[in-house]
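J.:
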Amino acid sequence: MDISALPEATIACLAAASEIYVGAKVLEISPISGGYSRLTFKYSIRTKNGDEDIVLQYVPLGATGIVRIDRMVENDILVYLSENEGVNSPKLIASDVKGNFFDNAAFIYKAEPGRPFVDVCRDTQDNKLGALNRIVARSAASVHGQDIKKLPNSMHAPTNWEDYLTSQIELFKKTESESSKSRPFLRYMAKWLDENRPPAAPLSLVHGDFQVSNMLSLNSEKDALLVDWELAHIGDPREDLGWLTMVCNTIPPDILAADPKGFYDEYRAFSGLSKEIINPETSAYFLIISSIRTHRGMMKSSDALAKDSKQAQSVLAAYYLSITSYQHTMWMNAVKIVEEMKRSR
Amino acid sequence: MLISPSISEILRGVTHEMGTSLKQGLNDPVKNAQIDTIIGVLSSCAVRSENEKEWMKKEVTSILSVAKKFVSNDHSSDKISKALKDFDSNESDEKKYQSASNILSLLGDLGSSLGEELASEVWSLMEQRLQHEAYIIGGGFEAAGRN
């Protein structure tokens, strides 16, 4: 679908959801950067009730992200979050999962007047970054505090924590066995993860891409809104903390390193989870676990490039090799951290 | 055959031009990220073209040494003994490397049952491979368009 056709499709989709948008007009369009597999725009629109800003997230037909997304599940969790308090998330106004108005999935939200949290972090002096990581800790705890029994039925609920963790470790082995080449890091990690299982945690809603780039600063930087829920699932809450650790190490500023104790204390206070369950050691373990989904997607993409160099998005597939190598580094560092902490006890 | 400038020299020249004159005046953040992505890929290729063969041979030698030590120490693993025999049937450097990688995977499968000394040697093999990978990506990683 051509970008120029998106405003018309947006108004049609909105009008189908609510009568107030019938006859609405788009006044201004601004692209929002971020995300490799979908386009995001902010539209200022005029409705019969007045002017308002909305955000359109549109997945172009044929766009392939690293991880295969079930847009119906994404839609269901967005509806759930819009209808339930507890997690600061964007309010979904309309969606088009089946491509009735767009040619592929699209989600339309109420625009929130906030600054990208990552910009706030970059503009903050290093000695004051610690205060910001409390907001991140509370945001994570709010996600993980949701009652999983009330989550949408379309979200797969694991039977229990032990089986869930086993299934995640199996993904390392599965990814390796599906690859055309032997992948020693995947096999090594699978064995190590199995031999070093952490204490169990209650299963919870997991954001799946929990990082400061997916947050908007609100209320004079006292609170934050969490966006981009496409990888949300039910799993171990420490997956989000592990992924956050990985991203903080990769993309500056590292707000976790600014004051790790403050972050973990705040998270534990708001989640009610114990120090035995929530600590840097378990975050290091789940840094490895949380990255297998993207690693798997990138491996598949690289393998496909090796078989057919004319495949679509070959530059990205080649680029993924660098990311997988970097993940290997992060995994090995995580193993070192856990082993050293075990020795020091 | 023209071999000068070398493949890595050509790639470095191309990435330099992409990162300077081609990016100058580009205000579109998406296009900028795409160029950064291509620069990242070509820079890695430059390092690989200079070192890949040598590094593969180095890793193969180290892996075989640890695997042979494992077998000679009366550790029983039919899979590793068989993989070592299979290794000799490979002719190209790439197939030898893949075969050695398979042996490294098999050693990794054994985890702590290897015992402290051999486990430490397998860890060193992983670190050796990691060092080469880290060198290829320039020591660290910068997310194109995100930093």
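Line order of the protein sequences matches chains A and B.
Here the first sequence is numbered in our numbering, starting from 3 and rising by one per residue.
Here the second sequence is numbered in our numbering, starting from 16 and rising by one per residue.
Yeah, the Cβ is synthetic: ideal placement off N, Cα and C, and Gly gets one too.
Return the chain-ordered list of same chain residues with a C-beta closer than 7 Å to the C-beta of residue 337(A), the five sequence neighbours on each side being excluded.
T.: The answer, listed in chain order, is 194.
J.: Beta-carbon separation of residue 292(A) and residue 241(A) under 8 Å?
T.: In contact: residue 292(A) and residue 241(A) (Cβ atoms closer than 8 Å).
J.: Cα separation between residue 202(A) and residue 32(B)?
T.: The straight-line gap from Cα to Cα measures roughly 52 Å.
J.: Along chain A, in chain order, which residues have C-beta atoms closer than 8 Å to that of residue 103(B)?
T.: Near residue 103(B) there are no residues of chain A at all, since even the closest Cβ is about 17 Å away, more than 8 Å.
J.: Span of the alpha helix (DSSP H) holding residue 86(B)?
T.: Where residue 86(B) is concerned, the enclosing alpha helix (DSSP H) stretches over 44-87.
J.: Tell me which residues share the same chain as residue 132(A) and place their Cβ nearer than 7 Å to its Cβ, disregarding the 5 neighbours each side in the sequence.
T.: If we look at residue 132(A) and ignore the five residues flanking it on each side, its Cβ neighbours are 260, 261, 264.
J.: Could you tell me which chain A residues have their CB closer than 8 Å to the CB of residue 69(B), listed as they occur along the chain?
T.: Correct list: empty, because the minimum Cβ distance to chain A is about 18 Å.
J.: Beta strand (DSSP E) containing residue 33(A): first to last residue?
T.: 27-34 is the extent of the beta strand (DSSP E) around residue 33(A).
J.: Would residue 187(A) count as contacting chain B if we go by Cβ distances under 8 Å?
T.: So, interface residue.
J.: Given this structure, state the Cα-to-Cα distance separating residue 42(A) from residue 21(B), to the nearest angstrom.
T.: Roughly 42 Å between the two C-alpha positions.
J.: With respect to the alpha helix (DSSP H) encompassing residue 268(A), which residues constitute its N-terminal and C-terminal limits?
T.: It spans 262-273 - the alpha helix (DSSP H) in which residue 268(A) sits, taken as one unbroken run.
J.: Report the option in 162(A), 228(A), 279(A), 172(A) whose CA atom is closest to the CA atom of residue 298(A).
T.: Selected option, being the one with the closest Cα: 172(A).
J.: Return the residue from the list 29(B), 25(B), 120(B), 18(B) that minimises the CA-CA distance to residue 81(B).
T.: The shortest C-alpha separation from residue 81(B) is found at 120(B).
J.: Would you kindly work out how many angstroms separate the C-alpha atoms of residue 74(A) and residue 156(A), rounded to a whole number?
T.: Going from the Cα of residue 74(A) to the Cα of residue 156(A) covers about 8 Å.
J.: Give every residue of the same chain whose Cβ lies closer than 7 Å to the Cβ of residue 162(B), excluding the five residues on either side of it in the sequence, and list them in chain order.
T.: Caution applies to residue 162(B), whose pLDDT of 49 falls short of 50 and renders its modelled position unreliable; the model cannot decide the point.
J.: Under 8 Å, do residue 317(A) and residue 228(A) count as touching if we go by C-beta distance?
T.: No, these two residues do not count as a Cβ contact at 8 Å.
J.: Decide if residue 274(A) is buried, meaning its Cβ has at least 16 other Cβ atoms within 10 Å, or exposed.
T.: Per the 10 Å Cβ criterion, exposed.
J.: Just to confirm my understanding: we take residue 174(A), look at its own chain, exclude 5 residues before and 5 after, and list those with CB closer than 8 Å. What are they?
T.: For residue 174(A), where only same-chain residues beyond five positions count, the Cβ hits under 8 Å are 188, 189, 191, 192, 195, 294.
J.: From this set, 272(A), 158(A), 149(A), which residue's C-alpha is nearest residue 235(A)'s C-alpha?
T.: It is 158(A) whose Cα lies nearest to the Cα of residue 235(A).
J.: What does the Cβ neighbour count give for residue 211(A), buried or exposed, with the cut at 16 atoms within 10 Å?
T.: By the neighbour-count rule (16 or more Cβ atoms within 10 Å), residue 211(A) is buried.
J.: Label residue 230(A) either buried or exposed according to how many other C-beta atoms from any shown protein chain fall within 10 Å of its C-beta, with 16 as the threshold for buried.
T.: It counts as buried.
J.: With 8 Å as the threshold, decide whether the Cβ of residue 318(A) is near any Cβ in chain B.
T.: So yes, residue 318(A) belongs to the interface.
J.: Please report the straight-line C-alpha distance between residue 145(A) and residue 238(A), rounded to a whole angstrom.
T.: Answer to the nearest angstrom: the Cα atoms are 12 Å apart.
J.: Residue 162(B) CB to nearest chain A CB: under 8 Å?
T.: Note that residue 162(B) has pLDDT 49, beneath the 50 cutoff, so the model's placement of it is unreliable and no number is given.
J.: Hey, out of 115(A), 124(A), 3(A), 46(A), whose CA is closest to residue 102(A)'s CA?
T.: Selected option, being the one with the closest Cα: 3(A).
J.: Is residue 117(B) closer than 8 Å to residue 134(B) when the C-beta atoms are compared?
T.: In this structure, residue 117(B) does not lie closer than 8 Å to residue 134(B) by Cβ.
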